[in-house]
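Peer 1: My questions all concern the structure below.
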Amino acid sequence: MTQPRLLARLAAGSAGLLLACGLFLAFFVVPPDAVQGEVQRIMYLHLPAVAAAYLAFVVTLVASIAYLWTRDLRADAVALSSAEIGVVFTAIVLASGSVWGKSTWGVWWTWDARLTLTAIVFTIYVGYLMVRAFAEEPRAAARYGAVLGIVGFLAIPLNHFAVQWWRTLHQPSSILRAGGPSMDPFMLTVVLVNVCGTLLLYAYLLLERYRLESMRQRVMALRLTRGRRG
Amino acid sequence: MALTEAMRRTWAMTWKDVRVELRARERMNAMLFFAALVLFVFNFALGPDREKLRDAAPGLLWLAFLFTGMLGLGRSFQAERENECFEELLLMPGDRESLYFGKLAGNILFMVMAEVLILPLFAILYNLDIWPWLPGLLLVALLGTVGFSTIGTLLAAMTAHLRAREVMLPLLLFPLTVPVILGAVHATDALLAGRGLSDAWHWIQLLAGFDVIFLVVCPLLFEFVLEE
């Protein structure tokens, strides 16, 4: 087995193990939340998906810059693969957040700051994927993708401030905040296990998607050379 | 010396677009007629209730501005694409930045001109007294237009080369410019409600910050969009 394949297997295995433990703990061992009850267990899916989505878009940003710098199509393959997975995780964040919101706020959707921001990020990266699909040649797709990968990411903090001023209803962030996390240490451990598992799952998906994209690039290149000869 | 050269090139680019527009009058006519239609249609959609229309006014005004601006942006690389002279455009000497700023200046100019004409029409149709706050409104309109056009010009150059380009420009541009939309609408709201510039101040700061960031980033990235 080649080395990347081994790496992918390793990532898949450890992700599966961690997520199996983490989700088992989250659904059967951790006591229900004092205020929100059972539904709060969605957090163990919701938060890790947020982490994976943001990591994915950071990777897209870095790979986009790397592509414009080096013009190496491998960087572009990473950017595209990561953006695609990021969109999937963002969709999971939106869906799980919706279910959570329905039972705690009583509505599926509300124009709260962070919900709105997530929806904006989702639309930005769906746009990214569409541009890549609509570009007429692969090199152009890579360039446009890289430009959007950078502009899209830069727009996130600005959007963050804008919607923050606009309105906020979301519960304040419970892990990353001044004065340490506000969560019970055991719950926090379980969350972190799930976060690690999900990030490994992201790594696995990225490796596989990258492999597919490289093969696709090779097929395209082969077709081009054959077209030129014949 | 180098700076004046660059400015001369920028001006040449803008002047070319303005001259094309002066001769053909395609873009402004379409934009203005469209804006008027939008203002009419809003009225039908919301009903004739004056109070309701007044509450919705800042949002409606900016929707009219942005839809019209979108129409203008969509046309900004049309002539080059239709006549297949993108390559000739790239032959322009000097940095690509002057090309970008030239196109940007033209886009801002057309959009601001449309806005200046939409504003009185809007005031009349929706029965609003805008005149005391005109300087503030124009400032907000200018800042919003610059922010919308910086990314808009970059994306217009990109989408001109895509299939389904008419759909792709708004699809990409609106999510990226949400801060502009929010900032402009809320600043306008504060002004129209008579709360003055001080109340709109942090929104104006947001708009200005957005403008500065993308005035730096977009010209740098433009080079990569227009590569052959």
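For the protein sequence lines, the chains are A and B, in the order given. Counting from 1, position 4 in the first sequence corresponds to residue 4 in my numbering; the numbering is continuous, with no gaps. Counting from 1, position 204 in the second sequence corresponds to residue 1204 in my numbering; the numbering is continuous, with no gaps. Where a beta carbon is used, it is the ideal one built from N, C-alpha and C, also for glycine. A quick note: this is a predicted structure, and the numbers were derived from the prediction, not measured.
1. Mind reading off the beta-carbon distance from SER81 of chain A to ALA146 of chain A? Whole number of angstroms is fine, and I expect it under 8 Å.
2. Counting Cβ pairs, one atom from each stretch, are 3 or more of them under 8 Å apart for the region 1139–1158 of chain B and the region 141–156 of chain A?
3. Identify whether GLY37 of chain A lies in helix, strand or coil by the three-state DSSP scheme.
4. Buried or exposed: LEU1022 of chain B, going by 16 or more other Cβ atoms within 10 Å of its Cβ?
5. I need the boundaries of the alpha helix (DSSP H) containing HIS46 of chain A, first residue and last residue.
6. Spell out whether any CB of chain A is found under 8 Å from the CB atom of MET1158 of chain B.
7. Three-state secondary structure (DSSP) at PRO1093 of chain B?
8. Could you compute how far the alpha carbon of ALA8 of chain A sits from the alpha carbon of ALA1208 of chain B?
9. Step through the CB atoms of chain B and report whether any lies within less than 8 Å of the CB of TRP166 of chain A.
10. What does the alpha-carbon distance come out to for the pair GLY97 of chain A and ILE1181 of chain B?
11. May I ask which residues mark the beginning and end of the alpha helix (DSSP H) holding PRO32 of chain A?
12. Check whether chain A comes within 8 Å of ILE1130 of chain B, counting only Cβ atoms and requiring the distance to be less than that.
13. Confirm, please, whether the CB-CB distance from TRP1062 of chain B to ALA1193 of chain B is below 8 Å.
14. Run through chain A and tell me which residues come within less than 9 Å of MET1168 of chain B, C-beta to C-beta.
15. For TRP108 of chain A, which residues of its own chain have a beta-carbon under 7 Å away from its beta-carbon, when the five flanking residues on both sides are left out?
16. Buried or exposed: GLU84 of chain A, going by 16 or more other Cβ atoms within 10 Å of its Cβ?
17. Name the two residues that bound the continuous alpha helix (DSSP H) containing LEU1162 of chain B.
18. Which of helix, strand or coil does DSSP assign to MET1077 of chain B?
19. Beta-carbon separation of VAL1140 of chain B and LEU1191 of chain B under 8 Å?
20. Taking GLU1227 of chain B as the query, report the chain A residues whose CB atoms sit under 9 Å from its CB, ordered along the chain.
21. Measure from the alpha carbon of ALA1057 of chain B to the alpha carbon of each residue in B:PHE1042, B:GLY1094, B:ASP1211 and B:GLY1069, then state which is nearest.
22. Which residues in the same chain as GLU38 of chain A place their Cβ atom closer than 7 Å to its Cβ, once the five residues preceding and following it in sequence are excluded?
23. If we count the other Cβ atoms within 10 Å of its Cβ and call it buried at 16 or more, is ASP1189 of chain B buried or exposed?
24. With a cut-off of 8 Å, does the C-beta of ILE65 of chain A fall near any C-beta of chain B?
25. Flag THR123 of chain A as yes if its beta-carbon sits less than 8 Å from any beta-carbon of chain B, otherwise no.
26. Which same chain residues end up closer than 7 Å to ALA140 of chain A when comparing Cβ atoms and leaving out the 5 residues on each side of it in sequence?
27. Any idea what DSSP makes of VAL151 of chain A, helix, strand or coil?
28. Which one of B:PHE1214, B:GLY1106, B:ALA1006 and B:LEU1138 has the shortest CA to CA distance from PRO1093 of chain B?
29. So, do the region 1103–1114 of chain B and the region 1059–1074 of chain B have three or more beta carbon pairs nearer to each other than 8 Å?
30. Just curious, the alpha helix (DSSP H) that MET1028 of chain B is in, first and last residue?
31. Could you tell me whether any Cβ in chain B is nearer than 8 Å to the Cβ of LEU158 of chain A?
32. Can you list the residues of chain A that PHE1224 of chain B reaches, using a CB-CB cut of under 9 Å?
33. Tell me the DSSP secondary structure of TRP109 of chain A in three-state form.
34. Establish whether the CB of GLY1183 of chain B and some CB of chain A are separated by less than 8 Å.
35. Output the boundary residues of the alpha helix (DSSP H) element that contains ASP1129 of chain B.
36. Would you kindly work out how many angstroms separate the C-alpha atoms of ALA77 of chain A and ALA1157 of chain B, rounded to a whole number?
Peer 2: On the basis of the data shown:
1. Not really, about 14 Å apart at Cβ, beyond 8 Å.
2. yes
3. strand
4. exposed
5. 43–70
6. yes
7. coil
8. 46 Å
9. yes
10. 25 Å
11. Following the DSSP letters along the chain, one finds PRO32 of chain A in no alpha helix (DSSP H), marked with neither H nor E.
12. no
13. no
14. GLY127, MET130, VAL131 and PHE134
15. SER98, GLY101 and LYS102
16. buried
17. No alpha helix (DSSP H) holds LEU1162 of chain B; DSSP gives it neither H nor E.
18. The residue you asked about is not Met; residue 1077 of chain B is Phe in the sequence shown. In the structure shown, PHE1077 of chain B sits in coil (DSSP, three-state: anything other than H, G, I, E or B).
19. yes
20. Within chain A, the residues near GLU1227 of chain B are ARG139, ALA140 and ARG143.
21. B:PHE1042
22. PRO32
23. Around the beta-carbon of ASP1189 of chain B, 16 or more other beta-carbon atoms lie within 10 Å, marking it buried.
24. no
25. yes
26. Excluding residues up to 5 positions away in sequence, nothing lies with its Cβ nearer than 7 Å to the Cβ of ALA140 of chain A in the same chain.
27. In this structure, VAL151 of chain A counts as helix in the three-state DSSP scheme.
28. B:ALA1006
29. yes
30. 1026–1046
31. yes
32. LEU68, ARG143, TYR144, ALA146 and VAL147
33. coil
34. yes
35. First-last for ASP1129 of chain B: undefined, no H or E at that position.
36. 23 Å
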